[in-house]
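Novice: Each number in our numbering corresponds to the 1-based position in the sequence shown with 527 added. Just so it is clear, CB atoms sit at the ideal spot from N, CA and C, and this is done for glycine as well. From a predicted model like this one, the values you see are computed outputs, not experimental measurements.
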Amino acid sequence: MTAEPGRPDGALTEDAAHAEADAVEEGGPSRRRRMWWPAALAAAVALALGVPALVASGTSASGSSTLSVPADDSPEAGFARDMATHHQQAVDLSFVVRDRTADEPTRTLAFDIINTQANQRGMMMGWLDQWGLSQHATATPMAWMKMGHEYQAHDGSLMPGMATNTQIAKLRTLSGRDAEVYYLQLMIEHHKGGVEMAQGYVDKAGNETEKRLAQSMVVGQTSELQLMTDMLKERGAAPGVPAS
528 MTAEPGRPDG ALTEDAAHAE ADAVEEGGPS RRRRMWWPAA LAAAVALALG VPALVASGTS
588 ASGSSTLSVP ADDSPEAGFA RDMATHHQQA VDLSFVVRDR TADEPTRTLA FDIINTQANQ
648 RGMMMGWLDQ WGLSQHATAT PMAWMKMGHE YQAHDGSLMP GMATNTQIAK LRTLSGRDAE
708 VYYLQLMIEH HKGGVEMAQG YVDKAGNETE KRLAQSMVVG QTSELQLMTD MLKERGAAPG
768 VPAS
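(1) When the Cβ atoms of the region 626 to 639 are set against those of the region 705 to 718, are three or more pairs found closer than 8 Å?
(2) Which partner residues does H681 have in the DSSP bridge list?
(3) With a threshold of 7 Å on Cβ separation, who are the neighbours of G727 within its own chain once the five nearest residues in sequence on each side are excluded?
(4) Quick one: grab the DSSP three-state call for Q662.
(5) Quick one: is R559 buried, meaning 16 or more other Cβ sit within 10 Å of its Cβ, or exposed?
(6) Could you tell me the distance, in whole angstroms, from the CA atom of A696 to the CA atom of M744?
(7) Mind checking S750: buried by the 16 CB within 10 Å criterion, or exposed?
(8) Tell me the DSSP secondary structure of N734 in three-state form.
(9) What three-state label does DSSP hand S601 in the structure shown?
(10) Can you tell me whether A598 is buried or exposed, with buried defined as 16 or more other CB within 10 angstroms of its CB?
(11) Taking only the alpha-carbon atoms, compute the straight-line gap between G649 and I715 and give it to the nearest angstrom.
(12) Going by alpha carbons, who is nearest to S762 out of L660, T633 and T612?
(13) Between which two residues does the alpha helix (DSSP H) harbouring R762 extend?
(14) Of all the options T736, L759 and H718, which has the alpha carbon lying nearest to the alpha carbon of A607?
(15) Report the residue from G720, M686 and P602 whose alpha carbon sits nearest the alpha carbon of L655.
(16) Could you compute how far the alpha carbon of Q662 sits from the alpha carbon of F622?
(17) Taking 8 Å as the limit between beta carbons, can you name the residues of its chain near G733, skipping five residues before and five after?
(18) Just checking: is the beta-carbon of Q726 within a distance shorter than 8 Å of some beta-carbon in chain D?
(19) Buried or exposed: which applies to A668, given that a residue is buried once 16 or more other Cβ atoms fall within 10 Å of its Cβ?
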């Protein structure tokens, strides 16, 4: 069982509890290095290490830092909320494919995405908590980007690149090569949307610590886009999600 897409509390259900055991069984010490760190641990790290830099966002006339927190409708808060939601679906999709194929490269990619994006999601949730802001958005997703147009949410796809409920249901019915190809096609679109949002925050960032996190997402996900495109080619497929 995997978490339902878009769970507001970020809980990953029993799959998360089994991830460590699966990792030990399937690769010994090398696989243990890829084990998923729970989002709660990442949030604790963010609170201990990242938040002081995040809240010291201004400089007084004397040159000393002044403490402030982002406004509820700021790019800082908007990016943290929206990217956390976007990341949650990537984690959910990766747990699904993990259970639908025995292909090692695909499962390794899925574990890497789970590790990275669960960690980052936990950090962003921790920052919102430290700022005293709600973790749940009331504004239209990505309104903070002020792009001049709004993405039309549909069938559970709240932001660009997010899979629909129909597509997720289809992935759950596939196995083997078919599951690998469909997952890669969905995740390529997901990463494209994630890179666009992360770059949007980098361009508007008022906080250097959060900006560095967003920039790392741009770099990391751009690299994975090329990897997934190559993996599709190896399987005789190409990017682009087929019409359901």
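Specialist: Inspection of the coordinates gives the following:
(1) Because the criterion of three Cβ pairs below 8 Å is met, the region 626 to 639 and the region 705 to 718 touch.
(2) According to DSSP, which records beta bridges pairwise, H681 is partnered with S684.
(3) Excluding residues within five positions, the ones whose Cβ falls inside 7 Å are M672.
(4) In this structure, Q662 counts as coil in the three-state DSSP scheme.
(5) Low per-residue confidence applies at R559: pLDDT is 35, beneath 50, and the placement is therefore not dependable enough to give any value.
(6) Rounded to whole angstroms, A696 to M744 spans 27 Å at the Cα level.
(7) S750 counts as exposed, since fewer than 16 other beta carbons sit within 10 angstroms of its beta carbon.
(8) Correct three-state label for N734: coil.
(9) S601: coil per DSSP, three-state reduction.
(10) Exposed.
(11) Each residue's Cα considered, the two are about 23 Å apart.
(12) Checking the sequence shown, residue 762 turns out to be Arg, not Ser. With distances taken between CA atoms, R762 lies nearest to T633 out of L660, T633 and T612.
(13) In the DSSP assignment, R762 falls outside any alpha helix (DSSP H), carrying neither H nor E.
(14) In terms of CA proximity to A607, T736 leads the group T736, L759 and H718.
(15) Nearest in C-alpha terms to L655, of all of G720, M686 and P602, is P602.
(16) Distance between Q662 and F622, taken at the CA atoms: about 23 Å.
(17) Excluding positions up to five away in sequence, the list reads S584, P597, S601, P602 and E603.
(18) This model lacks chain D altogether, as it is built from one protein chain only.
(19) Residue identity check: residue 668 is Pro in the sequence provided, not Ala. Label assigned to P668: buried.
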